[in-house]
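Trainee: Chains W and U, in that order, are what the protein sequence lines are. First residue of the first sequence? That's 2 in my numbering, and the numbers climb one at a time after it. First residue of the second sequence? That's 2 in my numbering, and the numbers climb one at a time after it. We put the beta carbon where it would ideally sit given N, CA and C, even for glycine. All figures in this text were calculated on a predicted structure; none of them were measured in a lab.
Protein chains: 2
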Amino acid sequence: MTTPPSGIPHVVIVGGGFAGLWATRALARDGVRITLVDRRNHHLFQPLLYQVATAGLSAPDIAAPLRHILRGQRNVEVRLGEVIDIDAAARTVTLTDGDSLRYDFLLLASGATHAYFGHDAWAPHAPGLKTLDDALAIRRRLLLAFERAEAAASAEERAAWLDFAIVGGGPTGVELAGTLAEIARHTLRNEFRRIDPAEAKVRLIEAGPRVLASFPESLSARARAQLERLGVEVLTGTPVADIDADGYTLGDARVRSHTVLWAAGVAASPLGALLDAPRDRAGRVLVQPDLSVPGRAELFVAGDLASVQQDGKPVPGVAPAAKQMGAHVARVIRARLRNEPAPTFRYRDFGNLATIGRMAAVVHLGRLKLSGLPAWWFWLFIHIFFLIGFRNRLIVLIDWAWAYWSYQRHARIILGEQRPPLP
Amino acid sequence: MTTPPSGIPHVVIVGGGFAGLWATRALARDGVRITLVDRRNHHLFQPLLYQVATAGLSAPDIAAPLRHILRGQRNVEVRLGEVIDIDAAARTVTLTDGDSLRYDFLLLASGATHAYFGHDAWAPHAPGLKTLDDALAIRRRLLLAFERAEAAASAEERAAWLDFAIVGGGPTGVELAGTLAEIARHTLRNEFRRIDPAEAKVRLIEAGPRVLASFPESLSARARAQLERLGVEVLTGTPVADIDADGYTLGDARVRSHTVLWAAGVAASPLGALLDAPRDRAGRVLVQPDLSVPGRAELFVAGDLASVQQDGKPVPGVAPAAKQMGAHVARVIRARLRNEPAPTFRYRDFGNLATIGRMAAVVHLGRLKLSGLPAWWFWLFIHIFFLIGFRNRLIVLIDWAWAYWSYQRHARIILGEQRPPLP
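1. Is it the case that the Cβ atoms of LEU231 (chain W) and ALA182 (chain W) are separated by a distance below 8 Å?
2. If we count Cβ pairs, one from each stretch, closer than 8 Å, do we get three or more for the segment 219-238 of chain W versus the segment 193-205 of chain W?
3. Closer than 9 Å between beta carbons: that is the criterion. Which residues of the segment 190-223 of chain W meet it against chain U?
4. For ARG140 (chain W), count neighbouring C-beta atoms within 10 Å of its own C-beta (all shown protein chains included) and say buried if the count is 16 or more, exposed if not.
5. Identify whether GLN47 (chain U) lies in helix, strand or coil by the three-state DSSP scheme.
6. Just to confirm, are ARG225 (chain U) and SER372 (chain U) a CB contact at a threshold of 8 Å?
7. Check the C-beta distance from HIS115 (chain U) over to TRP23 (chain U) and give it rounded, since I have them as a contact under 8 Å.
8. Could you check the C-alpha separation between GLY57 (chain W) and HIS259 (chain W) for me, to the nearest Å?
9. Going along the chain, which residues of its own chain have a beta-carbon closer than 6 Å to the beta-carbon of TYR408 (chain U), five neighbours each way excluded?
10. Which residues in the same chain have their Cβ closer than 6 Å to the Cβ of LEU423 (chain W), if we skip the five residues on either side of it in sequence?
11. Exposed or buried, which one is MET2 (chain W) when buried takes at least 16 other CB atoms within 10 Å?
12. Can you list the residues of chain U that LEU81 (chain W) reaches, using a CB-CB cut of under 9 Å?
13. Report back the beta-carbon spacing between LEU275 (chain W) and VAL15 (chain W) to the nearest angstrom; my notes put them in contact at under 8 Å.
14. Of all Cβ atoms in chain W, is any one closer than 8 Å to the Cβ of ARG347 (chain U)?
15. Classify GLU218 (chain W): buried if its beta carbon has 16 or more other beta carbons within 10 angstroms, exposed otherwise.
16. By alpha-carbon positions, which one of W:VAL316, W:ILE9, W:ALA199 ends up nearest to ARG103 (chain W)?
17. Does the beta-carbon of ALA161 (chain U) have 16 or more other beta-carbons within 10 angstroms, so that it is buried, or is it exposed?
18. List, in chain order, every chain U residue whose beta-carbon is nearer than 7 Å to that of TRP403 (chain W).
19. In three-state DSSP terms, what is GLY174 (chain W)?
20. So LEU163 (chain W) packs on LYS370 (chain W), CB below 8 Å; how close in whole Å?
21. Using a Cβ-Cβ distance under 8 Å, would GLU78 (chain W) count as near chain U?
22. Assign ARG34 (chain W) to one of three DSSP states: helix, strand, or coil.
23. Looking at C-alpha atoms only, which residue of W:VAL53, W:ALA307, W:ALA298 is the closest neighbour of ASP281 (chain W)?
24. Could you give the DSSP three-state label for ILE399 (chain U): helix, strand or coil?
25. If you run the structure through DSSP and keep just helix, strand and coil, what is PRO424 (chain U)?
26. Smallest Cα separation from LEU49 (chain W): which of W:ILE415, W:LEU398, W:LEU416, W:ALA127?
27. Considering just the uninterrupted stretch of the alpha helix (DSSP H) at LYS202 (chain U), what are its terminal residues?
28. Does any residue of chain U have a CB that is nearer than 8 Å to the CB of LEU395 (chain W)?
29. Does ASP312 (chain U) come out as helix, strand or coil in the three-state DSSP assignment?
30. Where LEU388 (chain W) and VAL84 (chain W) are concerned, what is the direct C-alpha to C-alpha distance, given to the nearest angstrom?
31. Within 10 angstroms of its Cβ, does GLN325 (chain W) collect 16 or more other Cβ (buried), or is it exposed?
32. Among U:PRO375, U:ALA298, U:ALA320, which one has its Cα closest to the Cα of ASP350 (chain U)?
33. Following the continuous beta strand (DSSP E) through ASP243 (chain W), name the residue where it begins and the one where it ends.
34. In terms of DSSP beta bridges, what is PHE165 (chain U) paired with?
35. Return the residue from the list U:GLY82, U:TRP401, U:TYR348, U:ASP277 that minimises the CA-CA distance to GLY313 (chain U).
36. Using a Cβ-Cβ distance cut-off of 8 Å, determine whether LEU49 (chain U) contacts chain W.
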């Protein structure tokens with residue numbers, strides 16, 4: 002048992018994503034001692050993860066070590082570790098290495114993972130995108146698929162390797178589909194001798210009636226048109242019936258494909274289940290208006306793991322919401338320490354952006370709706386601005402400028418086993 | 002069996018390193034059809050591999066897809082695959098996927114791997130550095146060692162996690178030791194709360210009488226002095242007796258350490274053993290003066306897999322020698338096609354450089370001997386100049402400038418399993 006120096010309240014924060022990191026920083030000048038626990042050594046700029054999966058950026062471009070970000074904040078200790086138990090009555094958190102941390106305040110901000118809605122057998126055949134390891138695994142699969150197509154012994158095999166399906170028409174699915182179409186049509190041009198990569202079929206499959214359902218209908222329609230112009234086949238109202246090693250099934254139709262990516266659903270981190278608290282269907286913890294757990298004034302949940310309703314609508318699982326929740330938990334802890342009433346969380350919606358591909362994006366800010374090139378520039382500068390670290394901003398800007406002019410993607414390196422994923 | 006169009010001589014080149022790639026490029030305007038086979042999809046700029054292992058550069062910064070490099074050379078087909086058999090009488094090469102390639106000329110340039118001199122049991126405890134996967138595995142180990150030290154339950158465990166040994170005082174060992182000392186003393190400063198990373202012990206262990214044995218003695222001595230100034234403990238004339246999961250043995254002395262890196266020896270690629278040709282102790286093929294295999298005028302070996310003597314000394318296993326051999330094989334093939342006599346290979350030695358760490362390097366060019374800051378600047382610009390790809394040069398230059406001013410290393414991202422390598 003590791004005990005903090007007596008007297009100073011100990012805040013344990015689980016998860017170094019946007020919610021956890023923003024809470025940690027907001028408590029920099031308070032008389033508390035913070036232990037930030039994460040399973041990974043880095044904060045990840047998740048909005049650009051699809052760029053790593055599609056070989057446009059290197060993994061370190063969008064991640065920074067938590068220790069490095071927080072090196073100057075002397076009231077923080079960063080701990081690489083995984084939480085396996087929470088005892089809310091005893092106020093302790095237990096880690097896999099057996100160590101346990103006693104807390105005065107606990108913030109659970111361990112985020113979300115992808116979910117297969119009861120079809121866990123699909124997972125090995127349709128990888129999802131939540132971590133850098135996921136992104137590198139997808140990059141490997143995408144690049145190897147073209148290699149396998151080039152070496153294919155039959156036309157059927159070749160077609161199966163050149164068939165790419167992305168399941169789920171939310172922002173991640175749209176980004177992956179648009180970028181993959183660009184890779185096939187432009188990036189790989191002239192590089193193969195037996196196949197024409199531009200013949201690759203990129204299909205975006207959405208069960209609901211439209212892509213980017215969180216945007217106004219007019220922007221969904223424009224996103225669809227932009228995807229189609231990039232060469233993506235968009236299927237809406239089309240649930241996937243089955244996925245296996247050899248392809249997928251839509252209704253009665255069977256499609257042979259060796260590359261299916263999953264962007265269809267998220268579930269909350271399993272840590273939420275360790276709390277004795279009500280949860281929604283996706284496993285998110287239903288929190289109080291101040292983001293604490295019912296009956297536990299010292300225990301908070303924020304970010305993608307928290308289910309918050311505002312004006313009858315759920316607060317969305319996006320980075321700005323997570324940052325705002327993290328900062329709010331810091332304010333509530335401060336209020337508790339001063340025996341003041343806790344403020345109520347209020348999400349400020351600054352708008353909604355999604356990128357689609359080269360010069361294609363949609364932006365929705367209040368009454369402003371943009372699409373196409375202006376939306377793309379807007380998206381690009383917002384994302385560079387919010388990246389952590391001056392070096393990262395500069396390098397990402399250079400990589401994008403380079404990619405823009407050359408149509409190239411510099412990270413097209415296959416790591417690990419070079420044989421194909423087993424079909 | 003894949004057969005090239007009849008009539009045009011088919012050159013099969015195995016290995017896309019410096020020798021194979023330079024041979025391929027040199028044959029761009031000849032009336033031959035080339036198949037370049039590599040197990041990996043990328044050419045690797047091996048001289049900077051230690052920078053990836055020590056988190057200074059990202060993997061894609063020092064690698065480029067072979068297809069991309071060669072996209073404009075229409076007489077080349079790049080094939081991702083692994084050779085498992087060579088039938089020199091039938092002139093065929095067989096790949097793991099069962100396909101076999103019939104050749105008129107064959108160049109084997111599959112390089113070298115690290116060797117444990119009969120101590121293969123040491124391999125899991127003392128990883129070597131030859132591929133990008135090796136570099137990322139070493140990066141993981143180095144970064145996790147500091148994390149484990151921070152979380153260690155006892156002073157002994159902490160010391161064992163802060164003990165780093167590099168076995169082998171050649172260029173790779175010197176680079177790793179110097180850079181690791183800089184990471185411990187500068188990069189990680191202020192980032193830990195329970196350990197002082199500067200207390201890490203970095204030890205370079207060489208069995209022979211001096212480090213950088215391929216340099217003049219005066220430069221070896223200066224390299225040693227520079228290493229010691231950076232904080233490396235240099236042991237010469239000290240063979241390692243044993244390495245296991247818990248540490249290593251020098252003579253009778255046992256040292257507890259969880260991080261031992263292997264930079265002590267290379268062996269030729271196992272493909273050399275598939276030829277019916279004499280080989281040296283390290284498995285390199287003893288080639289004729291024109292780099293062909295005795296009795297096989299159409300079969301060549303180049304790069305680290307070839308053993309070539311010149312003026313009574315072996316041609317060293319360095320990048321410039323490999324490039325020159327590759328270009329020479331192209332000339333010999335051209336001569337054979339014209340029924341002209343084959344030229345004799347002659348290595349032009351442009352000098353020898355090794356970097357040690359921040360502002361520390363040694364350079365030996367003819368009568369010129371440099372060390373310290375001037376040698377370091379020289380090394381730096383030579384290496385940037387020879388990197389493939391404009392983008393890579395620019396990004397590496399920015400990364401180094403950034404690292405120089407900030408002492409930071411941007412790629413300190415732990416990927417894969419975050420638990421410790423089993424001690």
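Mentor: The structure says:
1. The sequence position of residue 231 (chain W) within the first sequence is 230, counting from 1. The sequence position of residue 182 (chain W) within the first sequence is 181, counting from 1. Yes. Within cutoff.
2. Yes, they touch.
3. Taking 9 Å as the Cβ-Cβ cut-off against chain U, the residues of the segment 190-223 of chain W that qualify are ARG190, ASN191, GLU192, PHE193, ARG194, ARG195.
4. To locate residue 140 (chain W), count along the first sequence from 1; it is residue 139. So ARG140 (chain W) ends up on the buried side.
5. Position 46 of the second sequence, counted from the start, is the residue given in the question as residue 47 (chain U). For GLN47 (chain U), the secondary structure class from DSSP, reduced to helix, strand or coil, is helix.
6. If you number the second sequence from 1, residue 225 (chain U) lands on position 224. If you number the second sequence from 1, residue 372 (chain U) lands on position 371. The Cβ-Cβ distance between ARG225 (chain U) and SER372 (chain U) does not fall below 8 Å.
7. The residue given as residue 115 (chain U) occupies position 114 in the second sequence. The residue given as residue 23 (chain U) occupies position 22 in the second sequence. HIS115 (chain U) to TRP23 (chain U), Cβ: 23 Å. No contact.
8. Taking the first sequence and counting its residues from 1, the one referred to as residue 57 (chain W) is at position 56. Taking the first sequence and counting its residues from 1, the one referred to as residue 259 (chain W) is at position 258. Rounded to whole angstroms, GLY57 (chain W) and HIS259 (chain W) show a C-alpha spacing of 22 Å.
9. Within the second sequence, residue 408 (chain U) is the residue found at index 407, counting from 1. Taken in chain order, the residues that qualify are HIS187, THR188.
10. Here residue 423 (chain W) is taken as the residue at index 422 of the first sequence, counted from 1. With a pLDDT of 41 at LEU423 (chain W), under the threshold of 50, the modelled position of this residue cannot be trusted, and the question is left open.
11. Within the first sequence, the letter at position 1 stands for residue 2 (chain W). In this predicted model, MET2 (chain W) has a pLDDT of only 49, less than 50, meaning its place in the structure is not dependable; the value taken from the coordinates is given anyway. It counts as exposed.
12. As a first step, residue 81 (chain W) is located in the first sequence; it is residue number 80 there, counting from the start. Neighbours of LEU81 (chain W) in chain U, taken as residues whose beta carbon is under 9 Å from its own, are LEU145, GLU148, ARG149, GLU151, ALA152, ILE415, GLN419 in chain order.
13. Here residue 275 (chain W) refers to the residue found at position 274 when the first sequence is read from its first residue. Here residue 15 (chain W) refers to the residue found at position 14 when the first sequence is read from its first residue. Rounded, the Cβ-Cβ distance is 10 Å, inconsistent with contact.
14. Here residue 347 (chain U) refers to the residue found at position 346 when the second sequence is read from its first residue. At a cut-off of 8 Å between beta-carbon atoms, ARG347 (chain U) makes no contact with chain W.
15. Stepping through the first sequence from its first residue, residue 218 (chain W) is reached at position 217. That one is exposed.
16. Here residue 103 (chain W) refers to the residue found at position 102 when the first sequence is read from its first residue. Checking every option, the nearest Cα to that of ARG103 (chain W) belongs to W:ILE9.
17. The count along the second sequence starts at 1 and reaches residue 161 (chain U) at position 160. Around the beta carbon of ALA161 (chain U), a 10 Å sphere encloses 16 or more other beta carbons of the protein chains shown; the residue is thus reported as buried.
18. Your numbering for residue 403 (chain W) matches position 402 in the first sequence. Chain U residues near TRP403 (chain W): ARG392.
19. Translated into the one-based positions of the first sequence, residue 174 (chain W) becomes position 173. Correct three-state label for GLY174 (chain W): helix.
20. By 1-based counting over the first sequence, the position of residue 163 (chain W) is 162. By 1-based counting over the first sequence, the position of residue 370 (chain W) is 369. That belief does not hold up - the Cβ atoms of LEU163 (chain W) and LYS370 (chain W) are roughly 35 Å apart, past 8 Å.
21. Residue 78 (chain W) sits at position 77 when you count from the first residue of the first sequence. By the rule that beta-carbons nearer than 8 Å mark a contact, GLU78 (chain W) touches chain U.
22. Reading the first sequence from its first residue, position 33 is the one you call residue 34 (chain W). It is a strand residue.
23. Position 280 of the first sequence, counted from the first residue, corresponds to residue 281 (chain W). For the options W:VAL53, W:ALA307, W:ALA298, the alpha carbon positioned closest to that of ASP281 (chain W) is the one of W:ALA307.
24. As a position in the second sequence, residue 399 (chain U) is number 398, starting the count at 1. Helix, per DSSP.
25. Mapped onto the second sequence, residue 424 (chain U) falls at position 423. Any reading at PRO424 (chain U) is ruled out, since the residue's pLDDT is 39, under 50, leaving its predicted position unreliable.
26. Start at 1 with the first residue of the first sequence, and residue 49 (chain W) comes out as number 48. Nearest of W:ILE415, W:LEU398, W:LEU416, W:ALA127 to LEU49 (chain W), Cα basis: W:LEU398.
27. Start at 1 with the first residue of the second sequence, and residue 202 (chain U) comes out as number 201. Counted as a single uninterrupted DSSP element, the stretch harbouring LYS202 (chain U) is not any alpha helix (DSSP H) but the beta strand (DSSP E) occupying residues 202-206.
28. On the first sequence, residue 395 (chain W) is found 394 positions in, with the first residue counted as 1. At least one CB of chain U lies nearer than 8 Å to the CB of LEU395 (chain W).
29. Taking the first residue of the second sequence as position 1, residue 312 (chain U) is located at position 311. DSSP places ASP312 (chain U) in coil when its eight states are reduced to three.
30. The residue given as residue 388 (chain W) occupies position 387 in the first sequence. The residue given as residue 84 (chain W) occupies position 83 in the first sequence. A straight-line Cα-Cα distance of about 27 Å links LEU388 (chain W) and VAL84 (chain W).
31. Indexing the first sequence from 1 puts residue 325 (chain W) at position 324. GLN325 (chain W) should be labelled buried.
32. Counted from its first residue, the second sequence places residue 350 (chain U) at position 349. Of U:PRO375, U:ALA298, U:ALA320, the residue nearest in Cα terms is U:ALA320.
33. Within the first sequence, numbered from 1, the residue matching residue 243 (chain W) stands at position 242. Run containing ASP243 (chain W): 241-245, per the beta strand (DSSP E) assignment.
34. On the second sequence, position 164 is the one that residue 165 (chain U) refers to. DSSP, once it has assigned bridges, lists U:VAL203, U:THR260 as partnering PHE165 (chain U).
35. Mapped onto the second sequence, residue 313 (chain U) falls at position 312. Minimum Cα distance to GLY313 (chain U) is reached at U:TYR348.
36. Numbered from 1 along the second sequence, position 48 holds the residue referred to as residue 49 (chain U). Not closer than 8 Å to any Cβ of chain W, the Cβ of LEU49 (chain U) fails to qualify, so no.
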